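Trainee: Here you go, one structure.
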Amino acid sequence: MTVRQLEALIRISESLAKVTLSPTVQHHHVDEAIRLFKFSTMDAVTTGSNVEGLTRSQLREEMEKVEKEIRRRLPIGWSTSYQSLVKEFVRGQGYSMHALERTLFVLEKSDVIQFANQKKVVRRVGV
């Protein structure tokens, strides 16, 4: 999660506390902010349209293929460089850069992968 995303969660939590007339942010405000944030970011992934000349359904189809390949080629516990994924999927197989980036974003949010070394390394951590 980036600093910007963390700040957004703080603002959402504070807003939820204000709406309920609470003088302080409570645990349930933070939980709801996280839920809203995850839902909105996942929704943005699935509703984007016509990026890099792709329709929504084409992007979704491409993302499904990229995800399947990443899960197949990167067993749990293994790591690879971000650049090697770009080389293989974008330059080698012709997938769009946007599909690769969005897929990695979704996999990270789903706790399937983690980034390390300022997003230079991708590590598979979950199912």
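The sequence shown maps to residues 80 to 206 in my numbering.
Ideal Cβ placement from N, Cα and C applies to all residues, glycine included.
In this text the structure is predicted, and so the values were computed from the model without any measurement.
#1: Using the rule of at least 16 other Cβ atoms within 10 Å of the residue's Cβ for burial, across every protein chain shown, is Phe118 buried or exposed?
#2: Quick one: using the 10 Å Cβ neighbour count with 16 as the cut-off for buried, is Glu86 buried or exposed?
#3: Whose C-beta lies closer than 8 angstroms to the C-beta of Glu141 among residues of the same chain, with five residues either side of it excluded?
#4: Going by Cα to Cα distance, which pick from Gly171, Val200, Arg181 and Arg150 is closest to Val191?
#5: Helix, strand or coil, according to DSSP, for Gln193 in the structure here?
#6: In its own chain, which residues sit with a C-beta less than 6 angstroms from the C-beta of Gly205, not counting the 5 before and 5 after it?
#7: Within 10 angstroms of its Cβ, does Phe168 collect 16 or more other Cβ (buried), or is it exposed?
#8: Ignore the nearest five residues each way along the sequence and tell me which others in Pro154's own chain have a CB closer than 7 angstroms to its CB.
#9: Does DSSP classify Thr182 as helix, strand or coil?
Mentor: Answer, in terms of the structure:
#1: exposed
#2: exposed
#3: Leu133, Tyr174, Ser175 and Ala178
#4: Arg150
#5: strand
#6: Asp190 and Val191
#7: buried
#8: Arg203
#9: helix
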